[in-house]
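Data first, discussion second: the structure below is written as structure tokens.
2 protein chains.
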Amino acid sequence: MKMDDRKQKVLLAIVHDYIATAEPVGSRTIAKKFRLGVSPATIRNEMADLEEQGYIEQPHTSAGRVPSEQGYRYYVDYLMKKHDLSAEEEDLIRSEFDIKVKDIGQVIQKTGQLLSQLTHYTAMVLTPSIGSSRFKHIQLVSMNPTQAMVVVVMDNGTLHHRLIDIPESISADDMETISRILNAKLRGLTNENIKLTLVKEIYFELARHKHILDLAMELLEDSLTMKSEDKIYLGGVFNMLNQPEFHNVEKVKTLLSILEQEKLLYGLMTGEEQEVGVTVRIGGEIKNKEIKECSMVTAAYSVAGRKMGSMGVLGPTRMEYAKVISIVDFMTKNLSQALERMMKGTGK
Amino acid sequence: MKMDDRKQKVLLAIVHDYIATAEPVGSRTIAKKFRLGVSPATIRNEMADLEEQGYIEQPHTSAGRVPSEQGYRYYVDYLMKKHDLSAEEEDLIRSEFDIKVKDIGQVIQKTGQLLSQLTHYTAMVLTPSIGSSRFKHIQLVSMNPTQAMVVVVMDNGTLHHRLIDIPESISADDMETISRILNAKLRGLTNENIKLTLVKEIYFELARHKHILDLAMELLEDSLTMKSEDKIYLGGVFNMLNQPEFHNVEKVKTLLSILEQEKLLYGLMTGEEQEVGVTVRIGGEIKNKEIKECSMVTAAYSVAGRKMGSMGVLGPTRMEYAKVISIVDFMTKNLSQALERMMKGTGK
DNA sequence: TTTTAGCACTCAGCAGGTTAGAGTGCTAAC
DNA sequence: GTTAGCACTCTAACCTGCTGAGTGCTAAAA
């Protein structure tokens, strides 16, 4: 859909001004602020055309124009110029990821805080999960006469644990033995790599502990396929309340009720087949019906080409797309690198 | 401060009606709804007295009266009748805790959800932490040539972990040895029990691994003294938005900004020396200046007399104190029992 | 002395009406 | 194709008066 050059300029002006002011944009404003070299009347004509084509709309008869979802989409796809982060912003992000990683959970949390702080919207970060991570270590720990804890450590630095019931007849030494054998057989394997023959072998060796083995293998299976619920870090929800579109309490309520449902959020983050790079979803392009007048900018972070998790920003459709896209892009890259360093163990 | 019997009845009527309707209560309303056997005029006189003594106040000249913080305090201390939970509520709570505990984190989260669901206010639950828990197991897991993960399991079912740098010279076998020795020497000890002599002994045996030992002992120390940040589970924030006092967006904003600061919340939950049983803090009795017109009802849960953590409800001062107190009380008791069962391993 | 009825007074909130200003669409001239 | 001018529309802000809830005071009743 080719568009007249001047029309593009008008649309761009409307989008920019509306993003900046949250007020419907009039023809006079455009003529004054954006110096297109034509009079308001001409701009009015262009605007009438743009409205007919669905790129902008009018809240009411005597108001200015506001970009439609289609308008934002056109802006993001064709008009938007790359936004360069300020040196301070880049430094802030770099220094954030330049620390020694002690605990992945903490890094994720910090990432979320920083993301919301820089964008002034709500940030969502998914913990490392998807993808085939490798099994590092399993340990059975006796907790009391009838229970033990199974701890599984994965190579991406995540931990999984579960309490299981055990027969009283099992001794601490037995558990040590089980742990040792499981480790010896399975270390370094991904889910796909665990061959049936291998499992049979283990069951054979540990026949008398079948019951425990069942429970341990179950957790292991969950850890490897990452069924275990992934955590989502949410930050800067109250940033959204500073946006004029959320001065209405009803809207705040629906927003909050959505953000409290982790599963729903999880669906939002993983729902779309995420291509490489940054994905922008505008308004109705977000599948969820309850989320209205919002856009999401998401991207995946990865290690050695393996997708680990994703982060994203939720804001009003009137979002500073260019800036947010740059930030999300830069942060995923830095997070990926930091995790890469952590997993490879290359230096600080 | 002894109070006239009829004054008490009037105060009670005002508190009850205001809690129910959120509207200032007038003399006529009291006379009609609460049948004290006297006319509105008499009640007006009593109300004038109550206002003079500071138990109630008037939003503006021609409005009814509203309980003051002092009024709520008097209500909670002297007037409130015990609220019995409905059979359904009790069943709901019991069935919640009657499951087999697989993971403490999950139980905490569910507890928070249920608490907010039953009270319709915001629930806060602190993970098990304070108190001297015992060390169960430590494990060093090699992650890559230069890093290892230290995993510590505590007897209250919590896990702590941290990535540490290691010299390349250390082999996986070395780490296994270190783990084994640490476990043998330290299992079952609390922080106070770890004697200096014992530590020296360990350092002597593992002299050549001093560096790793330092890092491992650091995590251990943190785990035992529970310095590591405790998690707070928050639930039902959006419940608060249904309260008429939060129809003002500004108030919602300050509330949310507070709830996003975990440290602040942590201070709120642990700040007061929590006595046994349920604590009620009304309005200004909450230390935080930013929290206005809110009350908190908190209680600790414990295992075998050892305080483990606490849970609480944050709501407007116009809170259904009697009901909330009963719920918090009942839930802490049930949670304590569930954890007790888990740690003792006595059946499901 | 306590309670009550009656009455004048106060004030928030709402409905209705008016105005100001922003912005449009159309028309006719450039 | 562009622009100035103008009539028109609609919202938001402001004023105004009214209503109703609720009070405090006074004087009479119990």
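Taken in order, these protein sequences are the chains called A and B. Under this note's numbering, the first residue of the first sequence is numbered 1, with each subsequent residue one higher. Under this note's numbering, the first residue of the second sequence is numbered 1001, with each subsequent residue one higher. Virtual Cβ for every residue (Gly too), placed ideally from N, Cα, C.
Check your understanding: When you compare only the Cα positions, how much space is there between A:A338 and A:M175?
Key -> 36 Å
Worksheet item: What residue range is occupied by the uninterrupted alpha helix (DSSP H) comprising B:M1336?
Response: The sequence shown places Ser at residue 1336 of chain B, rather than the Met named in the question. Y1321 to K1344 is the extent of the alpha helix (DSSP H) around B:S1336.
* **DSSP state of B:Q1008 mapped onto helix, strand, coil** => helix
Original post:
Start and end of the beta strand (DSSP E) containing A:I164?
Top reply: L159 to D165
ask   = Hey, out of B:M1149, B:N1248 and B:G1026, whose CA is closest to B:L1213's CA?
value = B:M1149
Notebook entry, point to check: Can you give the beta carbon distance from B:L1314 to B:M1331, rounded, assuming they're within the 8 Å contact cut?
Noted result: Contact doesn't hold; Cβ gap of about 15 Å is too wide.
Original post:
Where does B:A1063 fall in DSSP's three states?
Top reply: coil
Within chain B, partners of A:E260 - CB distance below 8 Å
G1235, G1236, V1237 and F1238
Exercise. Three or more C-beta pairs closer than 8 Å, one from the stretch 1287-1306 of chain B and one from the stretch 1257-1272 of chain B: is that the case here?
Worked result: yes
Query - Inter-residue Cα distance where the pair is B:A1299 and B:R1094 - result: 18 Å
Alpha carbon to alpha carbon, what distance is there between B:S1062 and B:R1281?
-> 30 Å
Practice prompt. Select from B:L1255, B:S1223 and B:D1230 the residue whose C-alpha is nearest the C-alpha of B:F1238.
Written response: B:L1255
- Comparing the C-beta of A:G284 with each C-beta of chain B, is any distance below 9 Å? no
Please state the DSSP three-state secondary structure of B:I1019. helix
- request: List the residues of chain A whose Cβ lies closer than 9 Å to the Cβ of B:R1134, in chain order.
  value: What B:R1134 touches in chain A: nothing, since even the nearest Cβ is about 11 Å away.
- Item | DSSP-derived helix/strand/coil call for B:N1239 | DSSP places B:N1239 in helix when its eight states are reduced to three.
How many angstroms separate the CA atom of A:G191 from the CA atom of B:V1141? Residue identity check: residue 191 of chain A is Asn in the sequence provided, not Gly. Rounded to the nearest angstrom, the gap between the Cα atoms of A:N191 and B:V1141 is 20 Å.
### Query
By a C-beta neighbour count over all protein chains shown, 10 Å radius and 16 as the cutoff for buried, is A:Y78 buried or exposed?
exposed
Apart from the five residues just before and just after B:V1066, which ones in its own chain have a Cβ nearer than 7 Å to its Cβ?
Y1018, P1024, I1056, E1057 and P1059
Based on DSSP bridge pairs, tell me the residues matched to A:E260. Bridge partners of A:E260: none, in fact.
task = Name, going along the chain, the residues of the stretch 300-329 of chain A whose beta-carbon falls closer than 7 Å to a beta-carbon of chain B.
result = The stretch 300-329 of chain A vs chain B, Cβ under 7 Å: nothing.
I'd like to confirm the pairing. Which residues does DSSP put opposite B:E957 in its beta bridges?
Residue 957 of chain B is absent from the model: chain B starts at 1001 and stops at 1348.
Is any beta-carbon of chain A found at less than 9 Å from that of B:I1164? yes
Discussion item. Can you find the residues in the same chain that come closer than 6 Å, C-beta to C-beta, to B:L1163, ignoring five residues on each side of it along the sequence?
Written reply: Same-chain partners within the cutoff: Q1147 and M1149.
Q: Consult DSSP for B:G1026 and reduce its assignment to one of helix, strand or coil.
A: DSSP places B:G1026 in coil when its eight states are reduced to three.
Buried or exposed for A:D98, please, with buried defined as at least 16 other CB atoms from any protein chain shown within 10 angstroms of its CB.
-> So A:D98 counts as exposed.
I want to see whether chain B comes within less than 9 Å of A:S257, judged by CB atoms only; does it? True, the Cβ-Cβ gap to chain B drops below 9 Å.
* Asked: Is it buried or exposed for A:K263, if we count other Cβ within 10 angstroms and need 16 for buried?
  -> exposed
Query raised in the report: Alpha carbon to alpha carbon, how far is B:Y1072 from A:V278?
Result: So the alpha carbons of these two residues sit roughly 53 Å apart.
Q.
Just to confirm, is the Cβ distance from A:T119 to A:V276 under 9 Å?
A. no
Quick check on this structure: which residue in B:M1154, B:R1318 and B:E1090 has the alpha carbon closest to the alpha carbon of B:N1242? B:R1318
Next on the checklist: Short of 6 Å in beta carbon distance, which residues of its chain neighbour B:N1156, apart from the five on each side in sequence? Order them along the chain.
Outcome noted: P1128 and S1133.
- Where does B:M1197 land, buried or exposed, given buried means 16+ other C-beta within 10 angstroms? For the sequence presented, residue 1197 of chain B should be read as Thr rather than Met. It is exposed - the Cβ of B:T1197 has fewer than 16 other Cβ atoms within 10 Å.
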